[in-house]
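Engineer:
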Amino acid sequence: MGEEVKLIGSIQSLFSFRVEWALKLKGVEYEFIKEDVRNKSPLIFKYNPIHKKIPVLVHGGKPLPESLVILEYIDETWKDCPLLPEDPYERAMARFWAKYADEKVWQAYVAEGEEKEKAMGPALESLAFLEKEIKGKKFFGGEKIGFLDLAVGWVPHWLNVLEEVGSMKLLDAEKFPSLHEWAENFIQISPIKECIPPRDELVSYFHAGLIYLRSLSANKP
């Protein structure tokens, strides 16, 4: 695959990093183009005119949005180091829980008051599944990093930030010991570790983002 690969993303975005990790694990050369999500450039409107969000993978001039979709595309395009399981059922479940964990933890982070209490249940449920799935394994993908490892790769670094900024506690080491151990190990792997942004930058970024998101919610008719 000699076509040019570009990744339009943000150095704070957990969704961008999962794509970057996949490219590194596959040994794909790429250009990372930093995008300011609060002051979007014409590039993002050009390559993702529908959602106008990052990340966007541009391969051979063809853009592809949505991080989980991009992960599957990368896996199907570059065959070395397969990410998704071979078994169709396991593949489907990896996709389902990746999306579910994204949605439920994010909802708990944004919610306030009684709504936060309601949102915490599904978020904890997603972590409980991950705990069950990782128990006795090195990675969700077995002995090697797989699709679900990358999809929930925000747990070791970003979740702690979301907990602090969102005033919540989800990943309890006593309640989820196997998931906690996986998180500690995952973040030390070279291709993963070298991409991790400074924590203080993430705190500032997500604090400002939370204020913005809640203001949008408050202004809804």
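Going by our numbering, 53 is the number at position 50 of the sequence shown; the sequence numbering is gapless.
Each residue gets a CB set at the ideal place from its N, CA and C atoms; glycine is no exception.
I need the boundaries of the beta strand (DSSP E) containing residue 34, first residue and last residue.
Structural biologist: Position 31 of the sequence shown holds residue 34. Per DSSP, residue 34 belongs to the beta strand (DSSP E) from 34-37.
Engineer: Any idea if residue 41 is buried or exposed, counting beta-carbon neighbours within 10 angstroms, 16 or more meaning buried?
Structural biologist: Here residue 41 refers to the residue found at position 38 when the sequence shown is read from its first residue. Label assigned to residue 41: exposed.
Engineer: Which residues does DSSP pair with residue 62 in a beta bridge?
Structural biologist: As a working note, residue 62 is residue 59 in the sequence shown. Beta-bridge pairing links residue 62 to 8 and 65.
Engineer: Sort out for me which residues DSSP pairs residue 145 with in a bridge.
Structural biologist: As a first step, residue 145 must be located in the sequence shown, where it is residue number 142. Its beta-bridge partners are 142.
Engineer: Counting C-beta neighbours from all protein chains within 10 Å, is the total for residue 11 16 or more, i.e. buried, or is it exposed?
Structural biologist: Against the sequence shown, residue 11 aligns to sequence position 8. Answer is buried; the Cβ neighbour count reaches 16.
Engineer: Three or more C-beta pairs under 8 angstroms: does that hold for the stretch 102-116 against the stretch 80-88?
Structural biologist: Contact between the stretch 102-116 and the stretch 80-88 is absent, because fewer than three Cβ pairs lie under 8 angstroms.
Engineer: As a quick exercise: from 154, 27 and 159, pick the residue whose alpha carbon is nearest that of residue 179.
Structural biologist: Residue 179 sits at position 176 when you count from the first residue of the sequence shown. Nearest C-alpha to residue 179: 159.
Engineer: Reducing DSSP to helix, strand and coil, say where residue 123 ends up.
Structural biologist: To locate residue 123, count along the sequence shown from 1; it is residue 120. Of the three classes helix, strand and coil, the one that applies to residue 123 here is helix, per DSSP.
Engineer: When the Cβ atoms of the stretch 184-194 are set against those of the stretch 154-173, are three or more pairs found closer than 8 angstroms?
Structural biologist: As far as the Cβ criterion goes, the stretch 184-194 touches the stretch 154-173, which means the pair count is three or higher.
Engineer: Leaving out five residues before and five after residue 81 in sequence, what residues of the same chain have Cβ atoms less than 6 angstroms from its Cβ?
Structural biologist: The sequence position of residue 81 within the sequence shown is 78, counting from 1. Only 29 and 31 meet the Cβ criterion.
Engineer: Which residues mark the beginning and the end of the alpha helix (DSSP H) in which residue 168 is found?
Structural biologist: Residue mapping note: residue 168 aligns to position 165 of the sequence shown, counting from 1. Per DSSP, residue 168 belongs to the alpha helix (DSSP H) from 161-168.
Engineer: I need the straight-line Cα distance from residue 154 to residue 117, nearest angstrom please.
Structural biologist: To locate residue 154, count along the sequence shown from 1; it is residue 151. To locate residue 117, count along the sequence shown from 1; it is residue 114. C-alpha separation (whole angstroms): 29 angstroms.
Engineer: So, is residue 107 buried or exposed, given that buried needs 16 or more other C-beta atoms within 10 angstroms?
Structural biologist: As a working mapping, residue 107 is identified with position 104 in the sequence shown. By the 10 Å Cβ count, residue 107 comes out buried.
Engineer: Could you tell me whether the stretch 91-107 touches the stretch 48-59, using the rule of 3 or more Cβ pairs below 8 angstroms?
Structural biologist: With a cut-off of 8 angstroms, the stretch 48-59 and the stretch 91-107 do not count as touching, because too few Cβ pairs lie within range.
Engineer: Taking the beta carbon of residue 4 as the centre, do at least 16 other beta carbons fall within 10 Å, making it buried, or is it exposed?
Structural biologist: Position 1 of the sequence shown holds residue 4. Because residue 4 sits at a pLDDT of 49, beneath the cut-off of 50, its placement in the model cannot be relied upon, and the point is left open.
Engineer: In three-state DSSP terms, what is residue 155?
Structural biologist: On the sequence shown, residue 155 is found 152 positions in, with the first residue counted as 1. Coil at residue 155, not helix or strand.
Engineer: Tell me which residues share the same chain as residue 67 and place their Cβ nearer than 6 angstroms to its Cβ, disregarding the 5 neighbours each side in the sequence.
Structural biologist: Start at 1 with the first residue of the sequence shown, and residue 67 comes out as number 64. Cβ within range, chain order: 60, 73 and 76.
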